[in-house]
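Following: one structure in structure tokens, then a few remarks.
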Amino acid sequence: MSRSSKPLNSLTLISSPYHVGLRAHPIHGSRVSEGPDYLISSGLISRLQTYGLPIHQLEIPPVANDFEGEIGRTFELIRRVATAVVHCGMRDVNELEKDRVEGSDMGVVWGDAAKKVDFVGGLRRELDERFQGSDGASLVHLDVDAIDASLGKANAFACTGGLFEDDVEGCMVAISERTNEAHFIWNFLGGNLVLFDNV
């Protein structure tokens, strides 16, 4: 089912600087959504330009005034950036959060601190079910706290049971085999960051 790789002719940086639909602001008492702005202000665009490709920037419009509640705002943001959403490596959630995810249209490959998870196999199954042989585009949204905390503490949400380097690479291969076009978001949730040298 693999497809030949196509050379990139541009890069699009899609920024969604929100947490539960809200932008970081002192009135909210949270800095969780500062990651995208932090990366851009730290020179992400100039780093991407070293690849010699045109860089396009797109910021997802705010939803706070149009949708009520954390879930409503969050799902609207997800809807705006992807038509088929699969979370890989989600873990350390309470029962209410788990019920909401499993009762939604999102696919999920759960992480597990107690055992090794076949993230790549799980993602392949989810993508096969959702794309059903179509040649659509995909949006890869990598929250860095999906990576196992033993590799580095990305933020306060990092924990064990996440993806390792081979898992991330394998998932990217699975995505490239099943879609003609892939967009990538690398998301840090928070302003105090630990960068990874080998991931």
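So in my numbering, spot 4 of the sequence shown is number 6, and the numbers just go up one at a time.
Glycine residues also receive a C-beta, built at the ideal position from the N, C-alpha and C atoms.
How many Å lie between S7 and T52 at the Cα?
-> Reliability fails at S7, whose pLDDT of 49 lies under 50, so the model's placement of it is uncertain and the value that follows must be treated cautiously. For S7 and T52, the distance between alpha carbons rounds to 21 Å.
Kindly indicate which three-state DSSP category S12 falls into: helix, strand or coil?
-> Annotated three-state conformation of S12 is coil, per DSSP.
Residue span of the alpha helix (DSSP H) that contains L98, given as start and end | Judged by DSSP secondary structure, L98 falls within the alpha helix (DSSP H) whose first and last residues are 97 to 104.
Can you grab the Cα-Cα spacing for the pair H21 / T76, in whole Å?
-> Using only the alpha carbons, I get a separation of about 8 Å.
How many angstroms separate the CA atom of L195 from the CA atom of K155?
-> Note that L195 has pLDDT 40, beneath the 50 cutoff, so the model's placement of it is unreliable and the number below is only indicative. Cα to Cα, L195 sits roughly 8 Å from K155.
Supposed contact pair G163 and D101 - C-beta distance, whole angstroms, cut 8 Å | The Cβ separation is near 19 Å, so there is no contact.
Considering only C-alpha positions, which residue in the set G54, S18, P56 is nearest to P38?
-> Closest by C-alpha distance to P38, out of G54, S18, P56, is S18.
M174 - DSSP class collapsed to helix/strand/coil = The answer is helix: DSSP assigns M174 an H, G or I state.
Are the beta-carbon atoms of I47 and I57 separated by less than 9 Å?
-> Closer than 9 Å, so yes.
Which first and last residues belong to the beta strand (DSSP E) in which G91 is found?
-> Note, G91: beta strand (DSSP E), 88 to 92.
Same chain only: Cβ atoms within 6 Å of F69, ignoring 5 sequence neighbours per side | Answer for F69: R75, E78, listed in chain order.
In its own chain, which residues sit with a C-beta less than 8 Å from the C-beta of E104, not counting the 5 before and 5 after it?
-> Only V110 meet the Cβ criterion.
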